[in-house]
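The structure under discussion appears below in the form of structure tokens.
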Amino acid sequence: MVSLCFYFQVHQPARLRKYTVFEINNNHDYFDHKKNREIAKKVANKCYLPTNKLILDLIKKHSGAFKVSYSITGTALEQFEEYVPEVIQSFQELADTKQVEFLSETYHHSLSFLYSKDEFREQVSMHKEKMLKLFNYKPKVFRNTELIFNNELGNFIEGMGYKGILAEGADHVLGWRSPNFVYRPKTCNKIKLLLKNYKLSDDIAFRFSEKSWKEHPLTIEKFSQWVNEVNGNGNLINLFMDYETFGEHQWSQTGIFRFLKNLPTEILKHPDNNFVTPSEAVEKYDVTSELDIHNPVSWADVERDLSAWLGNKMQTESLREIYAIEQQVKDSKDSKLIEDWRKLQTSDHFYYMCTKWFADGDVHKYFNPYDSPYDSYIFFMNALNDVMGRIRNHELSKENIQNFAESKA
Amino acid sequence: MKVLMFGWEFPPYSSGGLGTACYGLTKGLSRQNMEVTFVVPYDVEIESDFVKLLSTNIKIKRIKSLLQPYLSSASYSTILSKKKKRPFPKIYGETLFEEVYRYGEAAKEIAMEEDFDIIHCHDWLTFKAGINAKELSGKPLVVHVHATEFDRTGGHGVNQQVYDTERGGMEKADRIIAVSNYTKQKIVQHYGIHPDKIIVVHNAIEIPEEIHFDINKQDKVVLFLGRLTLQKGPDYFLYAAKKVLGYDPHIKFIIAGSGDMERFIIEKSAELGISSNVLFAGFLEGNDVYRAYRMADLYVMPSVSEPFGLTALESMRSGTPVLISNQSGVSEVITHCLKADFWDVNDIANKIVAALKYSELHHTLKEHGSLESHRFNWNEPAKKCVDIYNSLM
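Read top to bottom, the protein sequences are chains A and B. Residues in the first sequence are numbered consecutively from 160, following the numbering used here. Residues in the second sequence are numbered consecutively from 406, following the numbering used here.
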């Protein structure tokens, strides 16, 4: 028996505008509303709306046999609500089929787990509330930003009551083992670990239209044959990818929608194949063995580690600085300030600062709304400096009130 | 293979990037076992250590002439009138175009005397010389475009005679070398040359010897280094300085270079009320150039139209981060730098402040930029030239 488990990541960051140093303390609006709206609309039309419709049709057509899962960030949902509310509706229609699972993650698609467990917990619960409010759904499986995972996160998430967690099936973690089984983090007791089959996932997500790839063009027959080959030496194929693969990274002209449309029928031709959601996979399959993952793994770049976000000093220092002011931001009780600070935590801002140009650089370039990692850093740091100014203003006014009160007394 | 090269300046008798580029290229070619005879249009004694520096494969040929690089026809007359006050040999022509003609005539003699397989000439003042040498010898001609009249004038007041000379050379040439895609684009657009005839060979730098400088300074220093002409955008540097000083009044701006805008820039800095923060270093040469880079915390090259921009590489090699205009050839080949449009004074000022304010930014630019600059040595461009020569044999 082979189960296919689809998980699609849906994310849009609140991109920063070209916020100059001269605006610090004068203007507290850091975000590029125009660009964010444009991109949200563009991707909605190219990907979210047509793909949701296709998935809905497939779910109906296969009456219970086809199912998928999504993780949708809070920052993306806010943009949909503001700019393209029909995307929210189409996800709600999917939720109504009960064949769709929604995963849990940090609201702001942040790296908070690495810096502040308190902030991490708050963002996860913010996201949980959003899932409940919009989709009337209580997530049971967790996925961390960019599939970043290590034992420590496994323990923490187990402690929060989740029964499953997703991670990258990186070679340096698995060694000779296969990603097509369910594992348990070595330091955990109950939680199950689902690992991305990066070969088959990336065949769709990255290589689908790559003409220099020897398997190009990827036909659905070829792909199902690879899936069928797993029969007998694995029981679960986790296909984890960005949802934007459909129609945005791989344009409609590449045939990606046709591929997805034919996929369930072709896979289900083999009587031993089926589709599961992450929760079902966790229920259905026992743990094969333990995995000891001390250093964080992720699904980014060839290194599949943290170097896309923590590869240079600009990145490590700006991350350190944004979490260093956590207490002061929260003490201000200024909800707009707290919200802006959280939006600045979105991992994309740090990804844009990556200077690993060559090889992986082209991927970074594609996703970078700015001209260079240096520009990204400048806009970010200018905004962060303004946040610090706002904190100081709060502290000063608090002091003034105290002084005033004392002088009265 | 023997190359007959016509240039107009060669270190130490040079005043800008062209001489530096010719020096590097000929040195690179000599490492490719090319025998280069380099012709310069002035009569100077070449010092012995200089020849040794060039390697034995390069001979320096001299012609008596007043030619200087970067001259527009108008500024040539000024120099001529200054020279006239001194004992003035009759040999000099009255106009720049006469000098170009004279250089072309002299080239005929050289073409008959010298033994060579290919002719390679650098920028418009040498094009007549190159064409004459080609017509006499029947050898293939390569013209190397380091700058066009459109760069020098910023597109305003293009001199027709210069344009015609440039275009004539490009048309007569068997192959054209452009120092960047930016320049190639200009050649296609303004001179009607087919893109297939133009090959881009980006410039490089020779690693300067490790020179130690004792730099004592308290203030942050931002450097402009280049001719004070419209092309180099010193005015944009000044406007950005004004904006930066509104944010931080302790920053010092050094302007190194001379040119026809010098007076304007000095007066403008007074008018803007920033003269106590803007220092003029005059024209720098040799080690002083590297001392200036080292002293600076940031080098700004706000060129309006820069075919390449060697100084950006020199600064990065010196460990000083750079902010360059997008309107430059060098911006095609480097990534570890700050970039801005020359007209966007606000963006330039923002980036100057950021580079000085955020030490991690400065650190990353310095480290990565220095590493990146090491990718540029003259072996690669020289090899590309050799390939071009071979393709014409």
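From the three backbone atoms N, C-alpha and C, an ideal C-beta is built for every residue, glycine too.
- Residue nearest to glutamine 732/B in terms of C-alpha spacing, selected from Ala717/B, Pro712/B, Ser720/B and His607/B: Pro712/B
- Item | isoleucine 620/B, DSSP secondary structure in three states | coil
- Query: Per DSSP, what kind of secondary structure is asparagine 397/A in: helix, strand or coil?
  - Reply: strand
- In chain A, which residues lie with their C-beta within 7 Å of the C-beta of threonine 769/B? Asn471, Lys472, Met473 and Thr514
- Which chain B residues sit within Cβ distance under 7 Å of glutamate 476/A? Glu765
- Whose C-alpha, out of Tyr652/B, Gly678/B, Ile656/B and Val750/B, is nearest the C-alpha of phenylalanine 181/A? Tyr652/B
- Query: Taking Cβ positions, are histidine 187/A and aspartate 545/A nearer each other than 9 Å?
  - Reply: yes
- Item | beta strand (DSSP E) segment containing serine 162/A, residue limits | 161 to 169
- Query: Which runs of the alpha helix (DSSP H), 4 residues or longer, sit entirely within the region 458 to 503 of chain A?
  - Reply: 466 to 469, 472 to 483, 485 to 490 and 494 to 502
- Query: Under a CB-based cut-off of 9 Å, is asparagine 180/A close to chain B?
  - Reply: Reading off the sequence, residue 180/A comes out as valine, not asparagine. Interface residue, yes.
- Message: Give me the subset of the region 745 to 765 of chain B whose CB atoms are less than 8 Å from a CB atom of chain A, sorted by chain position.
- Response: Asn751, Asp752, Ala754, Asn755, Lys756, Val758, Ala759, Lys762, Tyr763 and Glu765
- Query: When the Cα atoms are used, what is the spatial distance from proline 532/A to glutamate 571/B?
  - Reply: 39 Å
- Message: Taking CB distances under 9 Å as the criterion, tell me whether aspartate 534/A reaches chain B.
- Response: yes
- Give the interface partners of serine 531/A over in chain B, defined as CB-CB distance under 9 Å, in chain order. Thr740, His741, Cys742, Leu743 and Lys744
- Query: Just to confirm, does valine 169/A get its C-beta within under 8 Å of one of the non-hydrogen atoms of the ligand COA?
  - Reply: By its list of ligands, the structure shown contains no ligand whatsoever, and the ligand COA lies outside what it can speak to.
- Query: For glutamine 509/B, which three-state DSSP category applies?
  - Reply: One detail in the question is off: residue 509/B reads as glycine in this sequence, not glutamine. In this structure, glycine 509/B counts as helix in the three-state DSSP scheme.
- Tell me, which residues are paired with lysine 355/A by DSSP? Glu327/A
- Interface residues of chain B facing methionine 540/A [CB-CB closer than 9 Å]: Ala759, Lys762, Tyr763, Glu765 and Leu766
- Kindly indicate if chain B contains any beta-carbon less than 9 Å away from that of lysine 322/A. no
- Message: At the 9 Å Cβ level, is lysine 648/B part of the contact set with chain A, yes or no?
- Response: yes
- For isoleucine 350/A, which residues in chain B fall below 7 Å Cβ to Cβ? Within 7 Å Cβ-Cβ: nothing; isoleucine 350/A doesn't reach chain B, min ~37 Å.
- Query: Considering only residues of the region 218 to 242 of chain A, which uninterrupted alpha helix (DSSP H) runs meet the minimum length of 4 residues and lie entirely inside it, listed in chain order?
  - Reply: 233 to 242
- To the nearest angstrom, how far is it from the Cα of aspartate 330/A to the Cα of serine 337/A? 9 Å
- Message: Check whether chain A comes within 9 Å of tyrosine 652/B, counting only Cβ atoms and requiring the distance to be less than that.
- Response: yes
- Continuous beta strand (DSSP E) stretch holding serine 448/A: start and end: 446 to 450
- Item | Residues of its chain near isoleucine 660/B, where Cβ-Cβ distance is below 6 Å and the 5 sequence neighbours each way are ignored | Phe629 and Phe685
- Using a Cβ-Cβ cut-off of less than 7 Å, list which residues of the region 607 to 638 of chain B approach chain A; keep chain order. none
- Message: Starting from serine 720/B, trace the alpha helix (DSSP H) in both directions and tell me its first and last residue.
- Response: 715 to 722
- Query: Which residues mark the beginning and the end of the alpha helix (DSSP H) in which cysteine 427/B is found?
  - Reply: 422 to 436
- Item | the region 200 to 207 of chain A / the region 394 to 414 of chain A touching (three or more Cβ pairs under 8 Å) | yes
- Task: Run down chain B in chain order and give the residues with a C-beta less than 9 Å from the C-beta of isoleucine 481/A.
- Result: Simply none; closest approach about 13 Å.
- Use the C-beta contact count for isoleucine 560/A: other C-beta atoms within 10 angstroms, 16 or more gives buried, fewer gives exposed. exposed
- Residue burial classification, proline 344/A (beta-carbon count within 10 angstroms, cutoff 16): buried
- Message: Quick check: the Cα distance between leucine 715/B and glutamate 305/A, rounded to an integer number of angstroms?
- Response: 41 Å
- Task: With 8 Å as the C-beta to C-beta threshold (strictly closer), list the residues of the region 769 to 783 of chain B near chain A in chain order.
- Result: Thr769, Leu770 and His773
- What do you reckon, are the CB atoms on tyrosine 342/A and glutamate 442/A nearer than 9 Å? no
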